[in-house]
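Undergrad:
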Amino acid sequence: MVDPSLRVREVTKTFPAPENSLTRRLALDCVSLTIDGGELVSLVGPSGCGKSTLLRLIAGLDAPDSGDLLIADEPITGPSAERGLVFQDPSLFPWLTVRRNIEAGLVARGVLESQRAEVAEFMRLVGLDSFADAYPHHLSGGMAQRAALARALINHPKVLLLDEPLGALDAFTRMRMQDEVVRLLQARRTTSLLVTHDIDEAIYMSDSIVIMTPRPGRIDQTIPVALSRPRDRGSSDFLALRSHILQVLHFAGSNDPAQNGLVAT
Amino acid sequence: MLQSTETGRVEVAARHSPQTSAPELMGDRIARQRPLSTRAVLAVPAAAVLTLAIHLITARNQLEAGNRSYSISLATFLLVAVVLAAAQCWRPRLRAQLGRFRPLFTVGVLLLAVWELITSGFHLLPLPYFPGPASVLQSMITDHALLFDSTWHSLALLLSGYALGAVAGLVTGVCIGWSPHARYWGMPLLKVVGPIPATAWIPLAMVISPSALFSAAVLIALAVWFPVTMLAASGVSNTRSSYLDVARTLGAGSRYLIFRVAIPAALPSIFVGLFMGLGASFLTLVVAESVGVKSGLGWYVSWAQGWAEYAKVYAALIIMAVFFSTIMTLLFKVRDHLLVWQKGMIRW
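For the protein sequence lines, the chains are A and B, in the order given.
In this text, residue positions in the first sequence follow the working numbering: the first is 1, and each later residue adds one.
In this text, residue positions in the second sequence follow the working numbering: the first is 1001, and each later residue adds one.
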């Protein structure tokens, strides 16, 4: 079996500066990153550090100015069903019922007939079987995000990209969803990249945490999370790691000359 | 007596539901208030009696007392109203259901009486331009074959023109909304040609086209095409980018992106265009029929006007109103069916 590892090599991305269309601003400056197959890695950093930009490059929705992006040694040339994406806003298609939303990937790839059985399985997996025929606006935030996860996972992606997927949820739903996402991803050993603002979430969920610094977006360091699962949010190891990361982020933040600021992406 | 009953009921409504929210439908609010006084049930029959009485009195002064269809219709209406009123006394459910229509029908029937009074009654308006309701109904009945035929021709012309324009508008609109090339070349054309009212093309159409019917259909299509194209293009190009991004990462090709993401996302906007186009198509239909086409309700109106038979003009206008509003209602039904997923998201 091919190792579904994700390699980002010296990737640079610029955007046109909003105030002057002739100059460009550096969003990602020579970013390199390797994620082994089956790992869940979090990207943490202040806004404007290029987390979401990096995610869009890996998804293939944007192309880098220079550098390589590889999945299992294959270069990424455009969006594909092997790299699923979940946004903070679930972005369920409002004109489709929950069932049809989850089916969307199968329909798009033309494999609905052969894999129809999986639809019910995934709806059960995310606990939405009783909402199969509801329209998205009837769902709560947590249910909508679970549907979005099922919609991404039904394609059995090699890599799942999560852009602050739990950012809009209330604290209790959020903690429950963190457990659920970890369970779903670990069960199928999906390589995942999670963008988050929440340090606790990053420590609780991921195998390692990549700290990014803004203006221009760079990777500061990668911190492995060597805590056994299931994790205890109150354990002393957890809290020690948390304060260590806060310290790193603080230094990363204070080094930053915010005046020549790059716009948040 | 009638007026005092009405104001009394409105006061009851105000007392019972002072906190009712503003956007609620008037009819719903009126229907919900309880208990309903028994006298309120008599509002419609009472109005019908009044209208019938006024008609019988004015008709006695008329020279030609030949037609009775109006009195018969009013009497039938009265009979139905009395039966329904009696039924409402026994069945509270029926009373609640019909309650919302009561003010509407009462005022409607009273307006007929007012019409009768100012025309045939006191001759406040000059004849033959303003006939009374009785003669309008009479001409509707005597000329029913021609009116039916005209309605049929109008329907055929309207539907063929509308279908042509809507389909063409959808195709060009989706192309302009989706492809930057189509937008670059299509938008200037749309902005220059589109705002010209379709009726302004009539002189040109008369010269070019082999048949008046064909050119009328094309003009109606043109009138529909512009708003549908405009709104479809704007709907498609305003599709939320996250829908498209997600669909791409689900393995969607451009066919899926256009037909299963962009067009459904644009559907609310497309329907706005279809409604605007429908209004424009009515206008173009009537103008085209009164100028070139030798059939249809528009032709009937100008033909009857030529003979100074104004009762027939009004008869055709009433049929036109019913005809157009039925088509409008059908389009609403189609929209409600296709946009069922919006229910609860926006107020229609």
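Glycine is no exception: its CB is placed at the ideal position from the N, C-alpha and C atoms.
Quick caveat, the model's predicted, so the values are computed rather than measured.
Please state the DSSP three-state secondary structure of Ile209/A.
TA: Three-state DSSP puts Ile209/A in a strand.
Undergrad: Just list the alpha helix (DSSP H) runs in the segment 1207-1286 of chain B, keeping only unbroken ones of 4 residues or longer that don't cross its boundaries, in chain order.
TA: List check, alpha helix (DSSP H) in window: 1212-1237 and 1241-1249.
Undergrad: Alpha carbon to alpha carbon, how far is Leu249/A from Leu1267/B? Give it in angstroms, no decimals.
TA: Taking the straight line from one Cα to the other gives about 46 Å.
Undergrad: Check Ala27/A in the structure and name its three-state DSSP category.
TA: Note: Ala27/A maps to strand in three-state DSSP.
Undergrad: Identify the continuous beta strand (DSSP E) that holds Lys13/A and give its terminal residues.
TA: Leu6 to Pro16 is the extent of the beta strand (DSSP E) around Lys13/A.
Undergrad: From Arg215/A to Leu55/A, what distance separates their C-alpha atoms?
TA: The straight-line gap from Cα to Cα measures roughly 17 Å.
Undergrad: Compare the C-beta of Asn155/A with all C-beta atoms of chain B and state if any pair is closer than 9 Å.
TA: Yes, contact with chain B.
Undergrad: Using DSSP with H/G/I as helix, E/B as strand and the rest coil, what is Pro90/A?
TA: The answer is coil: DSSP assigns Pro90/A none of H, G, I, E or B.
Undergrad: Here's the rule I'm using: 16 or more other beta-carbon atoms within 10 Å means buried, otherwise exposed. How should Gly1177/B be labelled?
TA: Per the 10 Å Cβ criterion, buried.
Undergrad: Return the residues of the segment 1225-1249 of chain B that lie within a Cβ-Cβ distance of less than 8 Å from chain A, sorted by chain order.
TA: Going along the segment 1225-1249 of chain B in chain order, one finds Arg1240, Ser1242, Tyr1243, Asp1245, Val1246, Ala1247, Arg1248 and Thr1249 with a Cβ nearer than 8 Å to chain A.
Undergrad: Taking C-alpha atoms, which residue in Leu1250/B, Ile1258/B, Ile1327/B and Leu1117/B lies nearest to Gly60/A?
TA: The residue with the shortest Cα to Cα distance from Gly60/A is Leu1250/B.
Undergrad: For the segment 1264-1281 of chain B against the segment 1329-1338 of chain B, do three or more pairs of beta-carbon atoms, one drawn from each stretch, fall closer than 8 Å, so that the two count as touching?
TA: With a cut-off of 8 Å, the segment 1329-1338 of chain B and the segment 1264-1281 of chain B count as touching, because enough Cβ pairs lie within range.
Undergrad: Does the beta-carbon of Phe1148/B have 16 or more other beta-carbons within 10 angstroms, so that it is buried, or is it exposed?
TA: Result: exposed.
Undergrad: Nearest to Gly167/A by alpha carbon, out of Asp200/A, Leu70/A and Arg183/A?
TA: Of Asp200/A, Leu70/A and Arg183/A, the residue nearest in Cα terms is Asp200/A.
Undergrad: With a CB to CB cut of under 6 Å and the five nearest residues on each side skipped, what residues in its chain are close to Val1340/B?
TA: Contacts found: none.
Undergrad: Under the assumption that Glu1116/B contacts His1055/B (Cβ atoms under 8 Å), give the Cβ distance between them as a whole number of angstroms.
TA: 6 Å between Cβ atoms; contact.
Undergrad: With a threshold of 8 Å (Cβ to nearest heavy atom), would Pro46/A be considered close to the ligand FAD?
TA: Ligands displayed in this structure: none; no statement on the ligand FAD is therefore possible.
Undergrad: Return yes when the Cβ of Leu92/A is within less than 9 Å of the Cβ of Ala144/A, no when it is not.
TA: Contact flag set, yes.
Undergrad: In this structure, does DSSP put Ser42/A in helix, strand or coil?
TA: Here Ser42/A sits in strand by DSSP.
Undergrad: Where in the segment 163-202 of chain A do unbroken runs of the beta strand (DSSP E), each at least 3 residues long, occur, reported from the N-terminal end onward?
TA: Whole beta strand (DSSP E) segments, 3+ residues: 191-196.
Undergrad: Is the Cβ-Cβ distance between Gly1169/B and Pro1227/B less than 9 Å?
TA: Result yes, Cβ atoms of Gly1169/B and Pro1227/B sit closer than 9 Å.
Undergrad: Nearest CA to the CA of Glu180/A: which residue from Pro157/A, Ile203/A, Leu161/A and Gly142/A?
TA: When only C-alpha atoms are compared, the closest one is Gly142/A.
Undergrad: How would you label Ser1021/B, buried or exposed, when you count the other beta carbons within 10 angstroms and need 16 or more for buried?
TA: Confidence in Ser1021/B is poor, its pLDDT being 42 and thus under 50, which makes the residue's placement unreliable; the coordinate value appears in the next sentence. Per the 10 Å Cβ criterion, exposed.
Undergrad: What number of angstroms, rounded off, separates the C-alpha of Val1082/B from the C-alpha of Trp1201/B?
TA: Straight-line Cα distance between these residues: approximately 53 Å.
Undergrad: Buried or exposed: where does Asp68/A fall if 16 or more other Cβ atoms within 10 Å of its Cβ makes it buried?
TA: Exposed: under 16 other Cβ atoms inside 10 Å.
Undergrad: Going by DSSP, what residue range makes up the alpha helix (DSSP H) through Ser1150/B?
TA: His1144 to Trp1178 is the extent of the alpha helix (DSSP H) around Ser1150/B.
Undergrad: At 8 Å on the CB atoms, spell out the chain A contacts of Val1261/B, in chain order.
TA: Near Val1261/B (Cβ distances below 8 Å), the residues of chain A are Phe93.
Undergrad: Can you list the residues of chain A that Ala1311/B reaches, using a CB-CB cut of under 7 Å?
TA: Residues of chain A passing the Cβ test: none, with the nearest at roughly 50 Å.
Undergrad: Buried or exposed, going by whether 16 or more other CB atoms sit within 10 Å of the CB of Ser228/A?
TA: Answer is exposed; the Cβ neighbour count stays below 16.
Undergrad: Buried or exposed for Glu118/A, going by 16 or more other Cβ atoms inside 10 Å?
TA: By the neighbour-count rule (16 or more Cβ atoms within 10 Å), Glu118/A is buried.
Undergrad: Can you tell me where the beta strand (DSSP E) with Arg218/A in it begins and where it stops?
TA: Looking at the DSSP string, the run of the beta strand (DSSP E) that includes Arg218/A is Arg218 to Pro224.
Undergrad: Go ahead and label Thr23/A buried or exposed: buried means 16 or more other beta carbons lie within 10 angstroms of its beta carbon, across all protein chains shown.
TA: Burial call: exposed.
Undergrad: One question on the structure: do Gly1292/B and Leu1285/B come within less than 9 Å of each other, judged by their Cβ atoms?
TA: No.
Undergrad: Spatial neighbours of Val1136/B within its chain, please: C-beta separation below 6 Å, excluding the five flanking residues on both sides.
TA: If we look at Val1136/B and ignore the five residues flanking it on each side, its Cβ neighbours are Ala1311, Tyr1314 and Ala1315.
Undergrad: List the residues of chain A whose Cβ lies closer than 8 Å to the Cβ of Ala1266/B, in chain order.
TA: Result: empty, since nearest Cβ-Cβ is about 10 Å, beyond 8 Å.
Undergrad: Taking 9 Å as the CB-CB cut-off, is Val107/A touching chain B?
TA: Yes, Val107/A counts as interfacial toward chain B.
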